[in-house]
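> First the structure, which I've put down as structure tokens, then a few questions once you've had a look.
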Amino acid sequence: MANFIGALLASLAIVVVALWRGSLSRSGGAAALVVGTLIMWLGGWAWGLVLGIFFVSSSALSHFKETEKRAAAEKFEKGHRRDVGQVLANGGLGTLLAIGSALFPSPAWFFLYIGVMATVTADTWATEIGTLSKSPPRLITTGARVDV
Numbered sequence: 002m003a004n005f006i007g008a009l010l011a012s013l014a015i016v017v018v019a020l021w022r023g024s025l026s027r028s029g030g031a032a033a034l035v036v037g038t039l040i041m042w043l044g045g046w047a048w049g050l051v052l053g054i055f056f057v058s059s060s061a062l063s064h065f066k067e068t069e070k071r072a073a074a075e076k077f078e079k080g081h082r083r084d085v086g087q088v089l090a091n092g093g094l095g096t097l098l099a100i101g102s103a104l105f106p107s108p109a110w111f112f113l114y115i116g117v118m119a120t121v122t123a124d125t126w127a128t129e130i131g132t133l134s135k136s137p138p139r140l141i142t143t144g145a146r147v148d149v
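The opening residue of the sequence shown carries number 2 in our numbering; numbering runs sequentially from there.
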């Protein structure tokens with residue numbers, strides 16, 4: 002486990018920059034502070050690094066070709082700013098795994114965490130990149146077009 006104050010300060014620094022860059026809403030910033038602090042404090046710095054890679058890469062993709070994605074963002078009523086719901090959707094299960102790891106120490110928790118973070122990263126990247134596509138999305142199971 003990492004030092005609580007160190008985890009809090011690292012999370013706070015990331016949240017302040019993310020708020021300044023417009024990557025998080027205020028509610029998203031508050032949630033990210035809690036999620037980031039708990040994950041780094043209870044899971045350790047390696048857990049925090051995985052979370053940081055997810056957040057930085059996903060935020061960069063959110064800002065990539067932002068103007069071209071604006072119409073899709075309006076259609077889904079969400080832009081590149083992550084709110085509390087998005088932070089918890091992407092970081093909530095990871096936070097629960099960090100709590101589990103602290104209560105019942107085992108290396109298995111970290112592997113579960115990596116799997117969860119790989120999943121939310123893939124979902125986020127697919128959304129950010131997919132909104133740039135000129136053709137409508139297709140179901141992975143049948144290949145049928147999906148109305149958005």
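Note that CB positions come from ideal geometry on N, CA and C, so glycine has one too.
What does the Cβ neighbour count give for PHE5, buried or exposed, with the cut at 16 atoms within 10 Å?
exposed
> So, for GLN91: in the same chain, excluding its five sequence neighbours on each side, which residues have a beta-carbon less than 6 Å away from its beta-carbon?
Sequence check: residue 91 is Asn here, not Gln. So the qualifying residues of the chain are VAL121.
> Going by DSSP in three states, LEU25 sits in which element: helix, strand or coil?
The answer is strand: DSSP assigns LEU25 an E or B state.
> Grab the span of the alpha helix (DSSP H) containing MET41 for me, first residue to last.
Per DSSP, MET41 belongs to no alpha helix (DSSP H) and is neither H nor E.
> Count the other CB atoms within 10 Å of the CB of ILE40; is the residue buried (16 or more) or exposed (fewer)?
buried
> Kindly indicate which residue of VAL51, SER26 and ALA14 has the alpha-carbon position closest to the one of GLY116.
VAL51
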